[in-house]
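Chemist: One structure, pasted below without further comment.
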Amino acid sequence: MGTLDYYAAIARLAPAGLARSAVRRVQGVARQALYRRRERADEVQLLQSYGAADGAELVELALGQRTSRIWCEASQRPSVLAALGAVPGGVERARARARAALRQEWDIFGTVVAFGEGRPVDWSLDPGSGHRYPVEPVERMSLAATGRDPKYPWVMGRLDSVVALGQGYWVETEADTRSRLARGFVSQVLDFLQANPLGHGVHWTCAMEVALRAANLAQALVMFSDAPEVARPEFVVPVLSALADHTAWVEAHLEDRGAVPNNHLVSNYVGLLVTGLLFPELPGAAQQLSLSVGGLREQMETQVHLEGTSFEGSIPYHRLSVELFTLAYVVARGAGVPMGPRYESRLRRMFHAVRAWCSEQGLAPQIGDNDSGRVFPLREREDNAHGYLVGLGAALFGDAGLGGGELVDEAAWLLGRAGQSRFAALASAPAPVSVSFPEGGFHILRGDGVVITVSAGKQGQGGVGGHSHNDKLSFELHLDGRPVIVDPGTGTYTREPATRNWFRSTAAHNTVQVDGEEQAPLDTARLFALPEEARARVVAFLPGKSVDRLLVRHDGYRRLAAPVGIERTFRLDRGERALAGRDRFVGTGRHDVVGRFHLPDEQARVVAPQVQVLSRAGRVMEEPVSFEPLVVELGPEGAPLAWVVLEQGLTARLVPSRYSPGYGRVVPSLAVEFRGQVTPPAWLRWVVVFR
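Structure, rendered in structure tokens:
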């Protein structure tokens, strides 16, 4: 797809968005012109803003006279520690996080780097490639370069680590240890500010990162507000100046210029909101608070469907959106700033959506992009572990539909005893049931330890598809909490464009491919765009007491010289513990088709099945079918998890594949592949029988 074709596609999808984008670009130019004329927030300006006579009084006004009830205030520490004591292992995890932060150790997408306590950090390092980004004006920097990835240094530069130090400071009782953590906080913050001057280097290239760094720095500063090592003018003045510089930069560089703004803009507003509510006397804070509250209310309705799913078209990005909107809500509520009933209502539904697709082990399917992004720097979580959000939502709202399980670390830290009480008052909610989210494009069939998540809907981000894949009619299968047939994930973004595009491709998903073509044209030069072409949708969703039936369709191949549409029927039979699938081709011509089921590992083999496997496969089908005598057995040898059974004439083979369980990590795996030629109308039928 060429540039002209690309913009023509965007214009078809979001014509009003393009017009608004043009207006926002003009506004952005004006904001940056004003920004260039601003005076930086030096000590004199801070003294005026706070009405302080000198640095000592400024410290007292900024840190010593605090009245809000935001979670990170020192006044909230007893409440937080009481709740954390009710979370098994919560205190120990906080101590471990603080120790790692004191060592200046980061786990960056599976690569661990450590610089040592009190030593300078190589903030510009991309540990994946060894490249060091130059500390030069951002206007001269180019991030899109094969072989390097700015997301790696961004993990360090977001300063989640200073909140981890604050956690340790709160849970520790020994004076020397608390003092050591406070000194570590001072040292790390000053090192970062010195190494990354305003507007220079990789850490100023993305307003999202600047905003979230400001939020983390502001929260951590408040957590340490009673530490003598911190409450000193020679530290507080440069940090408050830096916070003012960060928020002014974000305000001037709002990421609202695209045809369809996304989670980056929400992050901008969250950073402005958190910093402004914690330090409302900062220069520009009043205007930034008004901007962020209004912006967050607007984006909640723009970026979250009424059903509660994120508009990103990605389940991992739904987690990021939940954390963003929740942090804003929690901080605003603690400061007495209402976000409004419509904001709260959609946020509640976002938590319910997470519960709908998480397995019993709290794992979510990996549909769409997964950059392992999070906002809460409170506990380490696996890349696809989303279940903790259900417990957080239960404690946040006292919502009976989210009750059950254990209180989670995030709820204890953000909500304290009040959240613990709301959580404890809830009875366990009934088990999740099958549900369809037509706006988000996710459809869940589940029961008795089985969770099947099907992708069939519009491309995310209003059709732009920045985090969408060619995964229409694809599915993930989890059995007893374990992923068995998977979406292979994301791999990487800009470091390896070829890898990025393979993980977005039709061949990388559990669907059928026709004549070697993509469901929607994949412009290999546009790594964050996949405009709507397939027009996937639900034809019928029929949940039942023992059998669920889902019929989905896409028209991505109707653009071929011999057009063909594809319908896939899923039939989950909980009694037989099996999933029957039928791929129906409607159109003209003769076509080569390939179906694939991707696995998370290399544990699979072609075997002669036991008689009952074929018998169960036959009973779950809606019509008589003859099957191939060999099946693919999935899972460990001797302890299989499932069997893939194909109708006669479709021969299965195992082919090498790749699986990315989280951003930056790729491991070898296998895929079950079957091929055939069809002349529509025609059908291909298959069954997955569960252990």
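The UniProt record's numbering applies: residue 1 is where the sequence shown begins, and numbers increase by one. Backbone N, C-alpha and C define an ideal beta-carbon position, used for all residues, glycine too.
1. Our contact map puts ARG568 next to ALA507 with C-beta atoms below 8 angstroms; I'd like the distance itself, whole angstroms only.
2. With a threshold of 16 other CB atoms inside 10 Å of the CB of GLN104, please say whether the residue is buried or exposed.
3. Using the Cα positions of GLY649 and VAL594, report the straight-line distance between them to the nearest angstrom.
4. Distance, Cα to Cα, ASN262 vs GLN459?
5. Report the rounded CA-to-CA distance for VAL538 versus LEU551, giving the unit in angstroms.
6. Just checking my contact of VAL375 with LEU291 at CB under 8 angstroms: how many whole Å lie between their CB atoms?
7. Out of GLU637, GLY491, ALA642, state which residue places its alpha-carbon closest to the alpha-carbon of GLN612.
8. What residue range does the alpha helix (DSSP H) around ASP573 cover?
9. What is the C-beta distance between ALA580 and VAL620, in whole angstroms, given that I count them as a contact (C-beta under 8 angstroms)?
10. DSSP three-state call for LEU396: helix, strand or coil?
11. Can you check which of these residues, PRO432, GLU628, HIS478, ALA604, is closest to PRO543 by C-alpha distance?
12. Quick one: what does DSSP say PRO233 is sitting in, helix, strand or coil?
13. What residue ranges within the segment 23-82 form continuous alpha helix (DSSP H) runs of no fewer than 4 residues, ordered along the chain?
14. For GLN677 and ASP515, I'd like the C-alpha separation in whole angstroms.
15. For the segment 123-199, list the beta strand (DSSP E) runs that are entirely contained and at least 3 residues long, ordered along the chain.
16. Pop quiz: VAL565 and ALA534 are said to be a contact at Cβ under 8 angstroms. What is the actual Cβ separation, rounded to whole angstroms?
17. Between the C-alpha atoms of ASP245 and GLU39, what's the straight-line distance to the nearest angstrom?
18. With H, G and I counted as helix, E and B as strand and the rest as coil, what does DSSP make of THR247?
19. Considering only their Cβ atoms, is the gap separating PRO127 from THR205 smaller than 8 angstroms?
20. Can you list, in chain order, the residues of its chain with a C-beta nearer than 8 angstroms to that of ASP573? Leave out the 5 residues immediately preceding and following it.
21. For GLY2 and THR524, what's the separation of their Cα atoms in angstroms?
22. For SER455 and GLY441, what's the separation of their Cα atoms in angstroms?
23. Of the choices GLU637, SER657, HIS203, whose alpha-carbon is the least far from that of VAL606?
24. Sorted by chain position, which residues of the same chain lie with C-beta nearer than 6 angstroms to TYR659's C-beta, five sequence neighbours on each side aside?
25. So which of VAL689, LEU347, ARG97 has the shortest CA-CA distance to HIS478?
26. Alpha carbon to alpha carbon, what distance is there between VAL337 and SER68?
27. I think GLU517 touches LEU473, with their Cβ atoms under 8 angstroms apart; what is that distance to the nearest whole Å?
28. DSSP three-state call for GLY595: helix, strand or coil?
29. Could you check whether MET208 and CYS72 sit closer than 8 angstroms to each other, using their CB atoms as the reference points?
30. Spatial neighbours of HIS318 within its chain, please: CB distance less than 6 angstroms, with the 5 preceding and 5 following residues excluded, ordered by chain position.
31. In its own chain, which residues sit with a C-beta less than 6 angstroms from the C-beta of GLU43, not counting the 5 before and 5 after it?
32. State the Cα-Cα distance for the pair ASP471 and ALA520, rounded to the nearest angstrom.
33. Quick one, which of VAL632, ALA56, THR679, LEU347 has its alpha-carbon nearest ARG232's?
34. Would you grab the beta carbon distance between ALA604 and VAL632 for me? Rounded to a whole angstrom, and I think it's under 8 angstroms.
35. Suppose the cutoff is 6 angstroms on Cβ atoms and the five residues either side in sequence are ignored; what does the same chain contact list for TRP686 look like?
36. ALA220 and LEU165 - do their beta-carbons sit closer together than 8 angstroms?
Modeler: Let me spell this out:
1. At roughly 16 angstroms, the Cβ-Cβ gap does not stay under 8 angstroms, so ARG568 and ALA507 are not in contact.
2. buried
3. 13 angstroms
4. 13 angstroms
5. 6 angstroms
6. With a Cβ gap of about 19 angstroms, VAL375 and LEU291 do not count as contacting.
7. ALA642
8. Taken as a continuous stretch (DSSP letters only), ASP573 belongs to no alpha helix (DSSP H), being part of the beta strand (DSSP E) at 564-573.
9. 5 angstroms
10. helix
11. PRO432
12. helix
13. 43-50, 55-59
14. 9 angstroms
15. none
16. Sequence check: residue 565 is Gly here, not Val. Actually they do not touch by this definition, with Cβ atoms about 10 angstroms apart.
17. 10 angstroms
18. helix
19. no
20. SER546, VAL547, LEU579, ALA580, ARG619, VAL620
21. Its pLDDT being 48, under 50, GLY2 is placed unreliably by the model, and the measurement read from it follows with that caveat. C-alpha separation (whole angstroms): 10 angstroms.
22. 6 angstroms
23. GLU637
24. PRO488, PRO600, VAL667, SER669
25. VAL689
26. 11 angstroms
27. Not quite, the Cβ-Cβ distance comes to about 15 angstroms (not below 8 angstroms), so this is no contact.
28. strand
29. no
30. SER310
31. VAL237
32. 10 angstroms
33. ALA56
34. 6 angstroms
35. GLY581, LEU646
36. yes
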